[in-house]
Every structure is written in structure tokens, then in C-alpha cells.
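Engineer:
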Amino acid sequence: MVLESLINPFKAERHPWEMFFIGFLYSSVAIFLALWIFKGHASLVAIFLTVLACVPFMINTIRLEQYKETEKLDEMSLLIEHSKALLSFMFLFIGILFSYLNWYLFLPQVLSCLISPGVAQNITKNLFSIQTNTLLEINTRTITASRFLTFTEIFLNNFKVLVFSLLFSFIYGAGAIFILTWNASVIAVAIGNWVKTKTAMLLTHNTSNISYLSAYMLGNLRFAIHGTIEILAYFVGGLAGGLISVAIINHTFGTKSFEKVIFDATNLILIAVLLLVVAALVEVFIIPVVF
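Sequential numbering of the sequence shown, starting at 14, is according to the working numbering.
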């Protein structure tokens, strides 16, 4: 209850940037509790505890957005209202991502002050073991030389995540936060690996103290260019599923209110699909040129 009481949907809509710190705090607490109590299964337990802390906020926000559906607002006004919730969700996600990224990069050094470096490395490796294995599976897939085929593969994979976000929110109310928290942890490890690799390359050519900072900033920018669009799409889909779920719980079948929710949710889903198309285009045709 202590963590849950730190934020509410009304405050988040007024100051969405605060959700960055909430996400960072929730996931950091989850990581340390997982290491302390469930050391052997810390990788997955940390995800679960982070989700557990986020669920009340997610559910209350979806309920607030569903309440807005009952007000006499046109579709554009509704989308503007929903954008406030989506912005707070985005900051929450970014906070979780940065938490995982920073602990992935710096936890070994922090633990090395207390225990031997070898043990510190093993603890960190165990904490991010599932994410590392997931990235290994992704990286071992066949890479096609055709940009169109690459675009299609990326879009279909992202579309699958969108469908899961929608279904999880429809079935569990705030279920999308599980998928998105998991994605945040995997993306953080991917960025962390890129930062480590880039830092090693920079240090071989440049002994400047800003090498690590440069790699850190480039790693985040590399993800942000297309990743922000993808994550926004998943949250839009999750919000659509949540709105339908709450409408069904309220037993509004056959009413104009329910029809309005379905119409609004359909528009949100279409927007989410369009965002995924844009994200895939950026990832295939722009990222390779820039990086």
C-alpha cells in the first residue's frame, strides 16, 4: 500500500513526468527484494513485483478513462483525454526501463564494494538471466537481406505483442503492464549490451573519459528513435482492451455508452497498428543509416 499510495491517475495526468520516478522506484525496489528474498529466481520475481506495484495505478487509470467515455465529448476530445493517460504510461515505462538499464550496467560495481567482484558478477548475471536468454534467441534467428522482408518480420512480431497487450488488458484489466514491464527489462539489457560493446570499441580508439557517457547516450537514442513509437502503440492497444473490459464489467451491453466505448476502442486499435507500421519503417530504413 505504501508504494501504491505514491501516485494516482489525477496527479499523473497533471504531472506525467513524475511517473518516470515512480517507475524507477517500483522496479528498483522489486529488484532488491527479488535479490534479497528470491535470489535463485530473481530475474522473473523482479518482473512480477514491479507489475504488482503498477497494477493499482493502471486499473484506476483505465477506470478513469472509461468514465470519460460517459461524458459528452466528441471523438477528437476523447483522444486528447486518452493521450494524458498514455503519456503517464510512457513515463512509467521509461522509468522502469532506465531502472533496469542502470542496474544492469552498474550493479556489479555497487555489489563489488560489499562482496568479491566474481560473486557480484554472478548475482547480476542471475538477475538478468531470462532477459539475456531471450536476446540470444532473438539474435540467433535468420536475418534476411531483403529490407521488405525484414520490415514484414518486425511488423508481424510487434503486431503479435500488440495483440497480447490488448488481450491481457481485456482479460486481466491491467494485464498489458506485465508484457510492457517484461519488454522494458529485455530492451534495457539489449541497450546495456550495446553500451558495453560500444564502450569497448570507443576505448580502443579514444581514451577520453566521456567514452562511456557517449556510448550510454547513443544506446538510449538508438532505442528511442523507433522504440518509443512501438511502446506507445502497445499502451494504446492495452488501453483499448482495458476500456472494453471495464465496459463489460459495468454491464453496459446494448447501450449507446457501450457502442461508444467499442467505437473509441476500435479507433485506438487502428492508431496502434498505424504506429507499429511507422515504427517498423523507422527501424528498417532509418536506424541502420543513423547507427
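Using N, Cα and C, we set each Cβ at its ideal position, and we do this for glycine too.
None of the values given here were measured: they were computed from a predicted structure.
(1) Roughly how many whole angstroms lie between the Cα atoms of Asn196 and Gly267?
(2) Please classify Trp30 as buried or exposed, where buried requires at least 16 other C-beta atoms within 10 Å of its C-beta.
(3) DSSP on Asp277, reduced to helix/strand/coil?
(4) With a threshold of 7 Å on Cβ separation, who are the neighbours of Met71 within its own chain once the five nearest residues in sequence on each side are excluded?
(5) Near Leu48, what residues of its chain come up, given a Cβ to Cβ distance below 6 Å and the 5 sequence neighbours on each side ignored?
(6) Give the straight-line distance between the Cα atoms of Leu127 and Ile109, rounded to the nearest whole angstrom.
(7) Assuming Phe51 is part of the alpha helix (DSSP H), what are its boundary residues?
(8) Check whether the stretch 292-302 and the stretch 114-125 touch, using three or more Cβ-Cβ pairs below 8 Å as the test.
(9) Residues in its own chain within less than 7 Å of Gly255 by CB, not counting five upstream and five downstream?
(10) Indicate whether Phe271 and Ala285 have their beta-carbon atoms separated by less than 7 Å.
(11) Which same chain residues, not among the five before or five after Phe236, have their C-beta less than 7 Å away from its C-beta?
(12) Is it the case that the Cβ atoms of Ala292 and Ile242 are separated by a distance below 7 Å?
(13) Output yes or no for whether 7 Å exceeds the beta carbon distance between Glu296 and Ile184.
(14) Using only alpha-carbon positions, find the residue among Asp87, Ser90, Phe104 and Ser41 that is nearest to His28.
(15) Taking DSSP as the reference, what is the three-state secondary structure of Asn115?
(16) Using CA coordinates, which residue listed in Leu16, Met230 and Lys269 is at the minimum distance from Asn115?
(17) What is the rounded straight-line gap between the Cα of Glu17 and the Cα of Ala25?
(18) So, under 8 Å CB-CB, Ile282 and Gly250 are touching, yes? Tell me the CB distance rounded to an integer number of Å.
(19) What first and last residue would you give for the alpha helix (DSSP H) that runs through Asn170?
(20) For Leu289 versus Asn170, is the C-beta distance shorter than 7 Å?
(21) Assuming Leu148 and Val202 form a contact by the criterion Cβ under 8 Å, report the distance between their Cβ atoms to the nearest whole angstrom.
(22) My guess is that Phe73 and Pro130 are in contact by the Cβ rule of under 8 Å, so how many angstroms apart are they, rounded?
(23) Have a look at Tyr20 and Val64 and give me their C-alpha separation to the nearest angstrom.
(24) Going by the beta-carbon positions, is the gap between Ser178 and Gln144 smaller than 7 Å?
(25) On a Cα-Cα basis, can you pick out the residue from Asn233, Asn280, Lys269 and Leu287 that is closest to Lys85?
(26) Would you mind sorting Tyr39 into buried or exposed? The rule is 16 or more other CB atoms within 10 Å of its CB.
(27) For Thr210, which of Ser112, Leu118 and Ile93 has the nearest alpha-carbon?
(28) Nearest by alpha-carbon distance to Ala66: which of Leu77, Leu175, Leu46 and Glu82 is it?
(29) Give me, in chain order, the residues of the same chain whose beta-carbon lies closer than 8 Å to that of Glu82; leave out the 5 immediate sequence neighbours on both sides.
(30) Tell whether a beta-carbon distance below 7 Å holds between Phe106 and Leu193.
Structural biologist: Answer, in terms of the structure:
(1) 37 Å
(2) Trp30 counts as exposed, since fewer than 16 other C-beta atoms from the protein chains shown sit within 10 angstroms of its C-beta.
(3) helix
(4) Ala187 and Ile190
(5) If you ignore the 5 residues before and after Leu48, its C-beta comes within less than 6 Å of the C-beta of Ala55, all in its own chain and listed in chain order.
(6) 25 Å
(7) Phe51 -> no alpha helix (DSSP H), and no H or E assigned at all.
(8) no
(9) Ile75, Ser182, Gly186 and Ala187
(10) no
(11) Ile200 and Ile204
(12) Here Ala292 is near Ile242, since their CB atoms are less than 7 Å apart.
(13) no
(14) Phe104
(15) The three-state reading of DSSP puts Asn115 in helix, counting H, G and I together.
(16) Met230
(17) 13 Å
(18) 6 Å
(19) Arg160 to Tyr185
(20) No, they are not a contact pair.
(21) 6 Å
(22) Going by the sequence as given, residue 73 is Asn instead of Phe. At roughly 44 Å, the Cβ-Cβ gap does not stay under 8 Å, so Asn73 and Pro130 are not in contact.
(23) It should be noted that the sequence gives Ile, not Tyr, for residue 20. Using only the alpha carbons, I get a separation of about 15 Å.
(24) no
(25) Comparing Cα-Cα distances from Lys85 to each of Asn233, Asn280, Lys269 and Leu287, the minimum goes to Lys269.
(26) With 16 or more Cβ atoms within 10 Å of its Cβ, Tyr39 is classed as buried.
(27) Closest by alpha carbon: Leu118.
(28) Considering only alpha carbons, the answer is Leu46.
(29) Cβ neighbours of Glu82 beyond the five flanking positions: Leu91, Leu256, Ala260, Ser270, Lys273, Val274 and Asp277.
(30) yes
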